[in-house]
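Residue numbers (the working numbering), protein chains in the order written: chain A, -16 to 48; chain B, -16 to 48.
Heads up: the structure comes next, in C-alpha cells.
2 protein chains.
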Amino acid sequence: MCEANAYLLQDDREELIMEGVDVLEPQGDQIYLRSIFGEQKFLHARLKTTSLLEHKILLETTTSD
Amino acid sequence: MCEANAYLLQDDREELIMEGVDVLEPQGDQIYLRSIFGEQKFLHARLKTTSLLEHKILLETTTSD
C-alpha cells in the first residue's frame, strides 16, 4: 500500500488528520483529502511538504496567516 | 517503494516530469520536487491532484492563468 498519512501543523505540533490518504487536492483555500477507507475531509489548509517515502503529507492551516 | 510519478498537465496532455518523487513542496508560485534518485526540480506549477494509490501526482502550470 502506497498511501500516506496526513498531518496538520498547528502551533509547531503535527496532528494526525487522516491515515491512508489516496487523494490530495487543493480547492481554493481548502484542501480535499480522501483516504483508501473512503473517508473524506475538507480542511482550511495547504500543502507544506511531503515525504512519500515516509508516507507523510504535512499540511499547514491557511487561516492563521 | 511508495514514491509517485509527477505529471504536468499542459494543453490537456499529461507530461511525465519526474519519476520516483519523494518530496513535493510548494514554494511561492513554484513547486519543488525531489526524487528518490536525488533529482531535483523547481517548476512554475501547483498541485492539481494526487492519487497515491496510482503513484500519481498531477501538477498544472501556474503561468497559463
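All residues carry an ideal CB built from backbone N, CA and C; glycine is no exception.
Computed from a predicted structure; not experimentally measured.
Just checking: is the beta-carbon of I19 of chain A within a distance shorter than 8 Å of some beta-carbon in chain B?
Walking along the first sequence from the start, residue 19 of chain A turns up at place 36. Closer than 8 Å to some Cβ of chain B, the Cβ of I19 of chain A qualifies, so yes.
Could you pull the DSSP bridge partners for L16 of chain B from this structure?
The residue given as residue 16 of chain B occupies position 33 in the second sequence. Its beta-bridge partners are B:L7 and B:K24.
Taking only the alpha-carbon atoms, compute the straight-line gap between Q13 of chain B and L(-8) of chain A and give it to the nearest angstrom.
Position 30 of the second sequence, counted from the start, is the residue given in the question as residue 13 of chain B. Position 9 of the first sequence, counted from the start, is the residue given in the question as residue -8 of chain A. Roughly 21 Å between the two C-alpha positions.
Return the chain-ordered list of same chain residues with a C-beta closer than 6 Å to the C-beta of G3 of chain A, the five sequence neighbours on each side being excluded.
Along the first sequence, read from residue 1 onward, the residue named residue 3 of chain A stands at position 20. So the qualifying residues of the chain are E(-14), S18, I19 and F20.
Put E37 of chain B into one of helix, strand or coil per three-state DSSP.
Here residue 37 of chain B refers to the residue found at position 54 when the second sequence is read from its first residue. Helix, per DSSP.
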